[in-house]
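J.:
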Amino acid sequence: MSRPDLRLLPVSEALHVLQKWLDPKMPPKVRQPNEKASDAELVSIAVLQKFHHQLYFSCWWRFVKLNFCGHLPSLTQASVRLNRLLPTIEAVCVEVEDLDFCLIDSLPLPVCRSKRASRCKVREATMGFGTQGSVYGFKCHAWSTLNGKLAQYVIRPANQHDLIAGYDLNADWVAYGAPRIIGDKADLDGVNLTPPKKNARTLDPRWKKEYGAARNMIETVFSSLTRAGIRWGQIKTLTSLRLKVALTVLAHNWRFLNP
1 MSRPDLRLLP VSEALHVLQK WLDPKMPPKV RQPNEKASDA ELVSIAVLQK FHHQLYFSCW
61 WRFVKLNFCG HLPSLTQASV RLNRLLPTIE AVCVEVEDLD FCLIDSLPLP VCRSKRASRC
121 KVREATMGFG TQGSVYGFKC HAWSTLNGKL AQYVIRPANQ HDLIAGYDLN ADWVAYGAPR
181 IIGDKADLDG VNLTPPKKNA RTLDPRWKKE YGAARNMIET VFSSLTRAGI RWGQIKTLTS
241 LRLKVALTVL AHNWRFLNP
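By the count of the UniProt record's numbering, the sequence shown reaches residue 259 at its end, each step adding exactly one.
Here it is in structure tokens:
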């Protein structure tokens, strides 16, 4: 049974659907008397922001509180609780599964413009380069399935080479069924399936033309994440960046995840 498109449902109904799905996945806790909303409800509101492509969480929170959920806590309390739930959200947004093939690529996550780098307060951010030019911040290195699901991802400083981040992703290679990894020329290490360079003397016999067409899927996934706001807004800490990425990935993977 296919899942409903939460972008087309009324906000109150979409929140109910998301909350019902997330409730058993939240960690058990002792609910404090001052907590008027459950953890599942808070995460549902944050995820639904990505479905509706709203830029600022504060504006989205006030809109939902004013029109649908008057019992919600303050924005400050909600932000603190969402940060505490970050490990749970990161675990829920992706699933380990057996794969025959996976696609690997990286997406830049700038925290500010390059000319403002000297005043940036995100200590872990660095200056790096990619196909879109220079970027100050981080990169999201990810595996995608052939049908467009984001299988796993890691966030690394922008100056870290794609191969090094790829080795971090390979730490769970066996758990994912030891898939064959299709990458681009930045992932050329003799193990990944990558297109041959123009000046290569010998061609890799493992490379097939259909692999190049298959790689278009991960570009489509990154375009979807960008439209959902993965590169929008201001970033003040690495934790807030991780939370934004996890919520965006959860919204993207919603139609693929198991109930």
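Backbone N, C-alpha and C fix where the C-beta goes; we use that ideal spot for every residue, glycine too.
On a predicted model such as this, the values are computed, not experimentally measured, just so you know.
(1) Contact defined as beta carbons within less than 8 Å: I believe LEU243 pairs with ASN83. What is the distance between those atoms, to the nearest angstrom?
(2) Can you tell me whether DSSP reads LYS50 as helix, strand or coil?
(3) Quick check on the DSSP output: the alpha helix (DSSP H) that includes PRO87 runs from which residue to which?
(4) Indicate the three-state DSSP secondary structure (helix, strand or coil) for THR239 in the structure shown.
(5) Residues in its own chain within less than 6 Å of ASN192 by CB, not counting five upstream and five downstream?
(6) Going by the beta-carbon positions, is the gap between GLY128 and LYS115 smaller than 8 Å?
(7) Output the boundary residues of the beta strand (DSSP E) element that contains MET127.
(8) According to DSSP, simplified to helix, strand and coil, what is HIS141?
(9) Going straight from the alpha carbon of HIS16 to that of PHE222, what length do you get?
(10) Less than 8 Å between C-beta atoms, sequence neighbours within five positions excluded: which residues of the same chain meet that for TRP173?
(11) Would you decide whether GLU41 is buried or exposed? Buried here means 16 or more other CB atoms lie within 10 Å of its CB.
(12) Please identify the residue among LEU146, PRO73 and HIS141 whose C-alpha is closest to the C-alpha of LEU169.
(13) My guess is that GLU97 and TYR153 are in contact by the Cβ rule of under 8 Å, so how many angstroms apart are they, rounded?
(14) Less than 8 Å between the CB atoms is what I'm expecting for GLY229 and HIS53, so what's the real figure, rounded?
(15) For a test of the three-state rule: what should DSSP assign to PRO108, helix, strand or coil?
T.: According to the structure shown:
(1) Numbered from 1 along the sequence shown, position 243 holds the residue referred to as residue 243. Numbered from 1 along the sequence shown, position 83 holds the residue referred to as residue 83. Confirmed, Cβ separation roughly 6 Å.
(2) In the sequence shown, counting from the first residue as 1, residue 50 sits at position 50. In this structure, LYS50 counts as helix in the three-state DSSP scheme.
(3) By one-based count along the sequence shown, residue 87 stands at place 87. That run of the alpha helix (DSSP H) goes 86-92.
(4) Against the sequence shown, residue 239 aligns to sequence position 239. Of the three classes helix, strand and coil, the one that applies to THR239 here is helix, per DSSP.
(5) Within the sequence shown, the letter at position 192 stands for residue 192. Contacts found: ILE181 and GLY183.
(6) For the purposes of this step, residue 128 is taken as residue 128 along the sequence shown, with counting starting at 1. For the purposes of this step, residue 115 is taken as residue 115 along the sequence shown, with counting starting at 1. No; because the gap between Cβ atoms is not below 8 Å, this pair is not in contact.
(7) As a working note, residue 127 is residue 127 in the sequence shown. 126-130 is the span of the beta strand (DSSP E), which, as asked, contains MET127.
(8) By 1-based counting over the sequence shown, the position of residue 141 is 141. It is a strand residue.
(9) Start at 1 with the first residue of the sequence shown, and residue 16 comes out as number 16. Start at 1 with the first residue of the sequence shown, and residue 222 comes out as number 222. Their Cα atoms are separated by approximately 28 Å.
(10) For the purposes of this step, residue 173 is taken as residue 173 along the sequence shown, with counting starting at 1. Cβ within range, chain order: PRO179.
(11) One-based indexing of the sequence shown puts residue 41 at position 41. Label assigned to GLU41: buried.
(12) Translated into the one-based positions of the sequence shown, residue 169 becomes position 169. Closest by alpha carbon: HIS141.
(13) Residue mapping note: residue 97 aligns to position 97 of the sequence shown, counting from 1. Residue mapping note: residue 153 aligns to position 153 of the sequence shown, counting from 1. With a Cβ gap of about 15 Å, GLU97 and TYR153 do not count as contacting.
(14) Here residue 229 refers to the residue found at position 229 of the sequence shown. Here residue 53 refers to the residue found at position 53 of the sequence shown. 6 Å between Cβ atoms; contact.
(15) Within the sequence shown, the letter at position 108 stands for residue 108. In this structure, PRO108 counts as strand in the three-state DSSP scheme.
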